[in-house]
Amino acid sequence: MRIVFCDRHRLFAESFAHVLETLGHDVWLVASPEEAVEAVAAQPTGACLLELEFGDERGLAALHTLQSAHPETRVVVLYGAEDPRLLEQVLSAGVTGVISKEQGLENVSATLARLMNGAPRSRVPIRFSGLTARRIMRGPQRGISHLTPRERDAL
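For the sequence shown, my numbering assigns the number 8 to the initial residue and increments by one for each residue that follows.
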């Protein structure tokens, strides 16, 4: 399946793209929501993995464009920071699913496979912890003491 993958974190994007390619997918990496819309419009696409956290409304605008102009493309939103209001908004837009990057590549790829094979659209996992508060309180701290265990593993 052709998958357009838009994520602002190049290391994550390239690593996950490699995993998807080993599973037989044709992965097109793009660096912005606008490029994701262009890539989906250029050629039939089975799925678009879209991160929305670009610091502005571009990701959400791209999501709405993809949903209206390319309804045949399954859109799966990846997120790193928990924002309950944004996640509810995204799910109500009719995306195929919403996946937390906190799960790790193996769990993200397994969840994606379930969603692509017709599992009910969902937010995976459905939980909200103190993670958002920790990230907001981070401020200008130095070192790694403020990172989550998953963030420390990634380093």
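No residue lacks a Cβ here, since even glycine has one placed at the ideal position from N, Cα and C.
What is the DSSP secondary structure of residue 39, reduced to helix, strand or coil?
coil
Bounding residues of the beta strand (DSSP E) (the contiguous stretch that carries residue 56):
54-58
Whether or not the stretch 34-51 and the stretch 74-87 are in contact is what I'm after, with contact meaning three or more pairs of Cβ atoms, one per stretch, closer than 8 Å; do they touch?
yes
For a test of the three-state rule: what should DSSP assign to residue 12, helix, strand or coil?
strand
For residue 27, which of 124, 103, 10 and 76 has the nearest alpha-carbon?
10
Is residue 12 closer than 8 Å to residue 30 when the C-beta atoms are compared?
no
DSSP-derived helix/strand/coil call for residue 160:
helix
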